[in-house]
Structures are given as C-alpha cells and as structure tokens.
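Peer 1:
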Amino acid sequence: MVHCQYQHRHQTNRNDHQGIHDLAEFRQSVRDGVDEIYLYSLLQGIFRTIEGAEAETTGYKRTQFRQLVSMDDHVPDAENMPFPLDKPDFVLAEVPPTSDPLTPTIDVGSDCVKWRQISGFIEVKSNVREGPNATKSTPVRHIVSEGANYARLIMAARPFQLYVLCVFIYGHKFSLGWYDRRGVIISDVVITKRLRPEIAEIPLP
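In structure tokens form, the structure reads like this:
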C-alpha cells in the first residue's frame with residue numbers, strides 16, 4: 713500500500729513538472745510568434761496536468777467526467793443534424809467515468825466525439841491583438857462571433873443546456889466567456905498577473 717502511494721505521488725510530481733515545462737514552452741512559443749497550430753500540443757499537456765491536479769485535490773470524487781480534447785482537423789459528429797463543418801480548437805467533452813486521476817485519453821481520430829457530448833470549448837489565437845475584448849467604438853471581435861457559432865451548435869445539440877462556458881486564449885492572455893440566448897459576458901484575465909475584476913458585457917446582434 714505504501715509502495716502504491718509512493719508511486720502515485722511520484723507520478724503526480726512528474727506530471728506537475730511536465731505541466732510547468734509545457735507552460736514555459738508555451739509562453740516562449742507565444743513570444744516567438746509561432747502559428748497557433750503549434751500551441752495545441754503544449755496546451756493539451758497543460759490541460760491534462762490541471763485535470764490530474766484537480767483529481768488529486770478532490771480525491772477523484774467527481775460528479776462529472778469531462779476532458780478537454782484537441783479537435784485537430786476533426787469536426788464533431790452532428791449525427792445527421794444539418795450542422796456546418798465548424799469546430800472549436802478544443803472541446804470539453806463528456807467521457808466515461810474513472811477511478812484514476814486522469815480520464816482515458818480521447819483520440820479524435822478513432823473515438824468519435826459528438827456535438828451532444830460537448831458542454832464547452834476553448835478557442836486559441838496566437839496573438840494578443842486577436843483577443844475578444846472590444847471597446848465601445850469597435851465591433852464584435854471575430855473570435856467572439858466564432859464562439860457564438862460554437863455555443864449555438866452546442867445548445868442546439870443539447871437543448872436543455874441553458875448556457876455555454878468557454879475560454880479564449882490569445883497570446884499570453886486568456887479570457888472566460890459565458891454565452892446564453894441573451895448574448896455573451898467576457899472577463900479580462902492575464903495569465904501571469906493578478907486576476908482583474910473588470911467584466912465586459914457584449915450583446916450579440
């Protein structure tokens with residue numbers, strides 16, 4: 713039993729170190745101005761580290777089992793619904809329950825992710841200038857309208873879901889988004905600095 717606990721702590725520490733390495737490499741890649749597609753694998757590693765840390769904190773007692781899945785070139789299965797061939801960069805997909813710290817890795821190439829399994833999403837842009845927050849004198853940003861389309865598809869596939877939560881990652885910054893049928897509320901957050909309390913509300917047409 714003690715040996716098993718040691719193995720588990722060793723694995724957790726190794727995952728933590730990998731997550732720190734992925735975050736450092738992600739920040740450097742952003743500074744280097746790489747294309748967003750090269751950020752996906754680094755972000756996937758960071759997300760898995762967060763999932764494992766959360767499972768460790770809660771003792772794996774979860775009410776929901778979900779995983780952030782990189783969609784790559786794959787479009788979620790609409791199951792004969794007339795959906796456009798659009799997809800977020802990452803989806804928050806429901807996955808089978810597990811007693812392990814991490815849910816089994818979803819392979820979008822072999823495991824068919826359906827729109828009705830998706831409850832949220834993450835959209836990635838490599839440049840800070842592509843962020844969602846706009847001033848009163850500027851129109852709705854492209855990333856926000858993209859997110860509105862994904863939220864629309866999620867709520868169409870899950871008609872009893874009242875809102876969709878998402879994360880916009882743009883350069884070294886990220887924002888949280890809340891879409892419902894009234895519009896969207898977007899926070900303004902910087903990864904390496906303190907959370908700022910300002911909330912910008914942008915109604916959609």
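Residue numbers for the sequence shown follow our numbering, so the first one is 713 and each next one is one higher. Cβ atoms here follow ideal geometry from the backbone N, Cα and C, with glycine treated the same way. Bear in mind the structure is a predicted one, so any value in this text is a computation, not a measurement.
Which term fits residue 794, buried or exposed, when burial requires 16 or more other beta carbons within 10 angstroms of its beta carbon?
Peer 2: exposed
Peer 1: Ordered along the chain, which non-local residues of its own chain (more than five positions away) have a Cβ less than 6 Å from that of residue 846?
Peer 2: Closer than 6 Å at the Cβ level, and outside the excluded window around residue 846, lie 853.
Peer 1: Assuming the contact rule is C-beta atoms closer than 8 Å, residue 883 and residue 840 should be a hit. Round their C-beta distance to whole Å, please.
Peer 2: Here residue 883 really is in contact with residue 840; their C-beta atoms are around 4 Å apart, less than 8 Å.
Peer 1: Quick check on residue 782: does DSSP put it in helix, strand or coil?
Peer 2: strand
Peer 1: Report the option in 789, 796 and 797 whose CA atom is closest to the CA atom of residue 805.
Peer 2: 789
Peer 1: Pick out the complete beta strand (DSSP E) segments inside the segment 772–838, 3 residues or longer, and give them in chain order.
Peer 2: 778–782, 802–806 and 830–837
Peer 1: Here's a check: name, in chain order, each residue in its chain whose Cβ is nearer than 7 Å to the Cβ of residue 735, leaving out the five neighbours to either side.
Peer 2: 758
Peer 1: Just curious, the alpha helix (DSSP H) that residue 866 is in, first and last residue?
Peer 2: 854–869
Peer 1: Are residue 830 and residue 855 closer than 7 Å when you measure CB to CB?
Peer 2: no
Peer 1: What residue does the beta strand (DSSP E) around residue 898 start on, and which one ends it?
Peer 2: DSSP places residue 898 in the uninterrupted beta strand (DSSP E) bounded by 895–899.
Peer 1: Return the first residue and the last residue of the beta strand (DSSP E) that residue 891 is part of.
Peer 2: Taken as a continuous stretch (DSSP letters only), the beta strand (DSSP E) holding residue 891 covers 885–892.
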